[in-house]
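A.B. asks: So the sequence shown is numbered by the UniProt record's numbering: it starts at 1 and just counts up by one.
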Amino acid sequence: MIKRRTQENKWFYFFNTVILVLFSLLIIIPIWNILVSSVSSSSGLAENGLVLWPRGFTWENYRKVFYDDSIPRAFLISVLKTLIGAVTHTLFCAVVAYGLSKSRLIGRNIYTTLGVITMYFGGGMIPTYLLIKSLGLLDSFWVYIIPALFSYYDVVILMNFFREIPPSLEESAKIDGASEFQIFYKIFLPLTKPALATIILFNGVGQWNDFMTTKLYITKEYLYPLQMKIYEIIVQSNLSTMTESGSTDFVVQATTRGVQLATIVITTVPILIIYPLLQKHFIGGMMAGAVKE
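(1) Going by C-alpha distance, which of P127, S24, H89 is nearest F150?
(2) Find the nearest neighbour of A262 within the set I34, R73, S172, S101, judged by alpha-carbon distance.
(3) Look up D139 in the DSSP assignment and say whether it is helix, strand or coil.
(4) Taking C-beta to C-beta, are L83 and G204 nearer than 9 Å?
(5) What residue range does the alpha helix (DSSP H) around I199 cover?
(6) Since I157 is in the alpha helix (DSSP H), which residue starts that stretch and which ends it?
(7) Would the stretch 137-155 and the stretch 111-129 be scored as touching if the rule is three or more Cβ pairs under 8 Å?
(8) By a C-beta neighbour count over all protein chains shown, 10 Å radius and 16 as the cutoff for buried, is V51 buried or exposed?
(9) What is the DSSP secondary structure of E47, counted as helix, strand or coil?
(10) Using the Cβ count rule (16 or more neighbours within 10 Å means buried), how would you classify residue 295?
(11) Roughly how many angstroms lie between the CA atoms of M228 and F211, to the nearest whole one?
(12) Is it buried or exposed for L216, if we count other Cβ within 10 angstroms and need 16 for buried?
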């Protein structure tokens with residue numbers, strides 16, 4: 001009986017391994033194809049078929065992307081709005097969650113109900129635009145930060161973490177003379193690092209990939225983030241292809257495709273670098289609260 005179970009386990013692990021390898025290849029091959037295609041020449045990309053190795057290795061596609069002097073500034077704007085936006089959003093949500101996690105808070109049920117409403121209902125694009133305009137945030141860097149300060153979904157995640165912290169820790173800190181802010185800063189925040197890292201990662205990725213905010217509220221080019229500049233590069237490349245060749249010259253089309261692939265790599269690399277650094281906390285934050293004891 002034991003041998004039979006052992007044999008079944010071997011087959012189970014074997015098929016699991018095969019399935020995981022296949023799924024891994026489905027993810028890795030497209031990424032590898034984009035990477036090697038971005039450093040391939042136009043004539044190489046004009047050939048049909050899957051590209052698994054650079055065809056005529058060249059950095060020309062990346063030179064075309066960085067030829068525009070505004071790219072470094074756009075990259076800086078993206079970095080600043082991602083860092084500032086993610087950190088301020090997380091801290092703001094943490095402060096709100098800390099207050100709502102306390103049963104002694106007067107009107108807590110009312111605040112909680114209002115927060116839940118914001119999870120399911122929004123004001124719509126036009127009212128939001130009018131609000132942004134009335135606040136004087138049009139063509140301002142802070143339009144990337146202030147409207148994204150609050151998310152009740154993230155507040156709920158942090159509330160669950162705060163409620164799991166033993167009340168005895170807070171009581172001991174108060175006996176030692178700690179203020180409410182010191183309890184929050186020195187006890188609660190350090191104990192919720194997995195949740196904080198998860199929220200920072202999610203919000204940071206959202207800030208990094210966002211370009212709709214720019215299209216809706218920004219007209220000054222010096223405030224464009226990298227994603228908006230790349231969007232313009234892709235649009236201009238497509239228009240150039242249609243104007244010069246009527247979309248019939250495969251080499252010109254391949255040049256446009258090479259530039260597009262290079263822009264994809266440029267916008268993806270920062271996230272791929274940051275994620276491994278936060279992976280441990282990210283997994284802990286996702287798993288926490290899933291099992292209740």
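Note that CB positions come from ideal geometry on N, CA and C, so glycine has one too.
C.D. replies: Let me lay it out:
(1) H89
(2) I34
(3) coil
(4) yes
(5) 193-209
(6) 152-164
(7) yes
(8) buried
(9) coil
(10) No statement about residue 295 is possible, as the shown extent of the chain runs from 1 to 293 and does not include it.
(11) 6 Å
(12) exposed
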